[in-house]
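Under the working numbering, the first residue of the sequence shown carries the number 46, and numbering increases by one thereafter.
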Amino acid sequence: VAKILYDEVPRDADPMGPKNKLVVASGVLTGTFVGAGSKCGFGAISPATNSHADSSVGGHIGPELKFAGYDLIIFDDISPEPVFLFIEDDKVELRSAKHLWGKGSIDTEKQLKEELGEDFEIATIGPAGENGVVFACITHDFGRNAGRCGVGAVMGSKKIKAIAIKGTKSFPIYDLKSLTKQTEAIIQRTKPHPNMAPWQKYGTALFVGWSNDQASFPTRNFQSSYYDQWQTIDGERLVEECRVIDKACFGCWMNCGKYSRAKTRHGDVYIEGPEYETIALIGGSCAMTSIHDVTFANYLCDNLGMDTESGGSVVAFAMECYEKGIITKDDLDGHELRWGNIDDFEFIINKIAYQQGIGKVLAKGTKGAAEILGKDSIKFAMQQKGLESSGYESRWAPSMLLSFMTSDIGAHHNRSWSITVDLELGRDEIKGKAPVVVYLQHIRPIYDTLSICRLFWGELDVMPEEYVESLNYVTGWHTTEDELLKTSEKIWNLTRAHFLKRNGGPGRIHDIPPARYYEEPILDGPAKGKVLSLEKINAMLDEYYEARGWDKNGNPTEELLLDLGMKAVVDDLKEINLLGKPLPDGIPKVRGQKLKPKAM
Ligand code: SF4
Numbered sequence: 046v047a048k049i050l051y052d053e054v055p056r057d058a059d060p061m062g063p064k065n066k067l068v069v070a071s072g073v074l075t076g077t078f079v080g081a082g083s084k085c086g087f088g089a090i091s092p093a094t095n096s097h098a099d100s101s102v103g104g105h106i107g108p109e110l111k112f113a114g115y116d117l118i119i120f121d122d123i124s125p126e127p128v129f130l131f132i133e134d135d136k137v138e139l140r141s142a143k144h145l146w147g148k149g150s151i152d153t154e155k156q157l158k159e160e161l162g163e164d165f166e167i168a169t170i171g172p173a174g175e176n177g178v179v180f181a182c183i184t185h186d187f188g189r190n191a192g193r194c195g196v197g198a199v200m201g202s203k204k205i206k207a208i209a210i211k212g213t214k215s216f217p218i219y220d221l222k223s224l225t226k227q228t229e230a231i232i233q234r235t236k237p238h239p240n241m242a243p244w245q246k247y248g249t250a251l252f253v254g255w256s257n258d259q260a261s262f263p264t265r266n267f268q269s270s271y272y273d274q275w276q277t278i279d280g281e282r283l284v285e286e287c288r289v290i291d292k293a294c295f296g297c298w299m300n301c302g303k304y305s306r307a308k309t310r311h312g313d314v315y316i317e318g319p320e321y322e323t324i325a326l327i328g329g330s331c332a333m334t335s336i337h338d339v340t341f342a343n344y345l346c347d348n349l350g351m352d353t354e355s356g357g358s359v360v361a362f363a364m365e366c367y368e369k370g371i372i373t374k375d376d377l378d379g380h381e382l383r384w385g386n387i388d389d390f391e392f393i394i395n396k397i398a399y400q401q402g403i404g405k406v407l408a409k410g411t412k413g414a415a416e417i418l419g420k421d422s423i424k425f426a427m428q429q430k431g432l433e434s435s436g437y438e439s440r441w442a443p444s445m446l447l448s449f450m451t452s453d454i455g456a457h458h459n460r461s462w463s464i465t466v467d468l469e470l471g472r473d474e475i476k477g478k479a480p481v482v483v484y485l486q487h488i489r490p491i492y493d494t495l496s497i498c499r500l501f502w503g504e505l506d507v508m509p510e511e512y513v514e515s516l517n518y519v520t521g522w523h524t525t526e527d528e529l530l531k532t533s534e535k536i537w538n539l540t541r542a543h544f545l546k547r548n549g550g551p552g553r554i555h556d557i558p559p560a561r562y563y564e565e566p567i568l569d570g571p572a573k574g575k576v577l578s579l580e581k582i583n584a585m586l587d588e589y590y591e592a593r594g595w596d597k598n599g600n601p602t603e604e605l606l607l608d609l610g611m612k613a614v615v616d617d618l619k620e621i622n623l624l625g626k627p628l629p630d631g632i633p634k635v636r637g638q639k640l641k642p643k644a645m
């Protein structure tokens, strides 16, 4: 996906224009019975970050694509009218979606299943994707989402309302006998794993109490990292009050999904979730005090077609703006925007989805909105490179912050979840963490590349070498873990180069986090008073660039790119004078040193 976007989307292409592409891709292990080979990736140039983006969804649509006989779909150009892509094995048609346009994602999935049959797997966008909200998502299986980076907005810009797939074919496995034997052994070994039962019971909501205990739970738009009301919105409350049934993605025996019912003033609503990230960024960051309210907010975001992480963060940002008088009742048609108020949440999230009034400003994400609202609101726009941060407050978790700062797609935890590194190496320590972050940024994306759920690795100890073995059984290759890590490093340098190509360099200016991290001490809780200095942040970046073999400006070097076999990228960056470009004046320098580009 990274190479298709790099090679085929022109540098000046508008993310919402006809020259951007939306790539829907399964992976080599998708649809096999290798543990949780369920993922489907959506790639595009993001309207939030103006660079390479990829976001994946579990469920069943990736395997269905493989069963229909396809590895990937590339959408180009813009349809003159709303359509949905219909695939039934060899039958591929763009069909009118005029009757679906304007409907919610969940409602659209339900209607298409009624029209086409239950055995079609559906991915849809909602009004937010149709209206160009930069954090619009693509929804599948009634609440699973390719949530991040606005891939739903790109789908909407192309007037694609949905993708409906039914596949009835099989595909060959090189060594079926060995793969079966290996998978059976992994099933037997993981079933009694101590993490299995709690994950099955609570799903990712399990993490709420843990994260709060570690003082990393984002609270009131990251003003604090400890939420004293956490027990009103944690996994226990979810299971006791809202959970209806457990759900699993294709090929998974951990079934961490929770299909839930929320009681609302409109009656009951049903949705898969909320997961940890949703609880953190809607529950903690917007200061909700009822799991029903968080679940309802999850439903609203999903049906309107918005990422719950960015959606929650944007509303929390708006609530803080309201508290500070930057957004007023006049901007809200006389409404209020109070912490923890579900009616206010519902009001503003609808305004955003339909780009009405102040919603038009907030639909640009926290960075875009702060640039319009001014008054120093950019200091508490909790994003990196335009993508809102995942749910970990990181002033007392420097390696987690470094992971967010340097992530190629913006502040998303799927690239490197490193808070445990902070716990192991010391919460206040900054040295020695960057090489671990680099390793995680190489190993974790391998799971996305293969399109399998990484929770089997993270929680059930299915090790990378076992997946390499599976890959070789499936394909007949003789690849190694080192080869996969090298490929991952190559992809990372490609997406970094892509970011610099589209947004200008040097890289360091894009890696400095919002000022809240280095200007405002945490308000309360176990991390009260903790704050990182800009000097420490720059020192972490120094160590990180060195571990990557980049220059001190945060740009990949010619030597490294050539070593990775990326001569074409060297030529591209030279053509636009980006290799080794020095930092402009006015940008925070490394401990006061004057930065010079490394000799090429
Ligand atoms: Fe899906 Fe959860 Fe299984 Fe991963 S562990 S494949 S997210 S149900």
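We put the CB at the ideal spot given by N, CA and C, even for glycine.
- The C-beta of LYS535 has 16 or more other C-beta atoms within 10 Å across all chains shown, which makes the residue buried.
- Going by beta carbons, GLN429 and GLY455 fall inside the 9 Å limit.
- Contact between the region 267-278 and the region 569-577 is present, with at least three C-beta pairs closer than 8 Å.
- In this chain, GLU565 is not harboured by any alpha helix (DSSP H), its DSSP state being neither H nor E.
- CA-CA distance, ALA361 to TRP244, rounds to 28 Å.
- For SER439, the closest alpha carbon among the candidates ASN257, ILE210, THR249, LEU224 is that of ASN257.
- In this structure, the alpha-carbon of THR235 lies about 11 Å from that of CYS297.
- Under DSSP, GLY88 forms a beta bridge with VAL68, ASP99.
- The beta-carbon separation of ALA293 and GLY280, rounded to 17 Å, does not stay under the 8 Å limit for a contact.
- The continuous beta strand (DSSP E) containing THR309 extends over residues 302-309.
- For THR411, the enclosing alpha helix (DSSP H) starts and ends at 410-418.
- A distance below 7 Å between beta-carbons, with the five flanking residues on each side excluded, links ASP152 to the following residues of its chain, in chain order: ASN348.
- Within 10 angstroms of the beta-carbon of TYR321 lie 16 or more other beta-carbons, which makes it buried.
- A direct Cα-to-Cα measurement between ALA98 and ALA70 gives close to 13 Å.
- Counting only runs of 3 or more residues that sit fully inside the region 191-252, the beta strand (DSSP E) segments are 205-211, in chain order.
- Contact between LYS84 and GLY72 holds: CB atoms are separated by about 7 Å, below the 8 Å threshold.
- Taking the Cα positions, GLU580 is about 30 Å away from PRO490.
- ILE123 and GLN227 have their C-alpha atoms spaced approximately 45 Å apart.
- By DSSP's assignment, GLY312 forms a beta bridge with THR309.
- CA-to-CA, the gap between GLU154 and LEU516 works out to about 33 Å.
- Excluding five sequence positions before and after SER335, the CB atoms of its chain that fall closer than 8 Å to its own CB belong to THR277, ILE278, ILE387, given in chain order.
- Following the DSSP letters along the chain, one finds ARG541 inside the alpha helix (DSSP H) bounded by residues 526-548.
- Here DSSP, grouped into helix, strand and coil, assigns THR264 to strand.
- For the set SER422, ILE327, SER202, the Cα lying nearest the Cα of GLY370 is the one of SER422.
- Apart from the 5 residues on each side of it in sequence, HIS105 sits with its Cβ closer than 6 Å to the Cβ of GLU166, PHE295 in its chain, given in chain order.
- Between ILE464 and LYS573, the alpha-carbon positions lie close to 18 Å from each other.
- A straight line joining the alpha-carbon of ALA325 with that of MET450 spans about 19 Å.
- In this chain, the beta strand (DSSP E) harbouring ASP291 covers 288-292.
- When beta bridges are read from the DSSP output, PHE129 appears opposite ARG140, ALA207.
- Within the same chain, Cβ atoms closer than 6 Å to the Cβ of HIS337 are found at ALA307, LYS308, the five residues on either side in sequence being excluded.
- Pairing LEU618 with GLY82, the inter-Cα distance amounts to about 36 Å.
- Remark: three or more beta-carbon pairs, one from each stretch, lie closer than 8 Å, so the region 349-359 and the region 181-197 are flagged as touching.
- When rounded, the separation of the alpha-carbon atoms in VAL481 and ALA47 is 23 Å.
- The set of residues whose C-beta lies within less than 6 Å of a heavy atom of ligand 1 reads, in chain order, ALA81, SER83, GLY103, ALA293, CYS294, CYS297, MET299, ASN300, CYS301, GLY302, CYS498, LEU500.
- Closest in C-alpha terms to PHE180, from the list ILE170, LYS206, SER261, ASP186, comes ILE170.
- In the DSSP assignment, PHE78 falls outside any beta strand (DSSP E), carrying neither H nor E.
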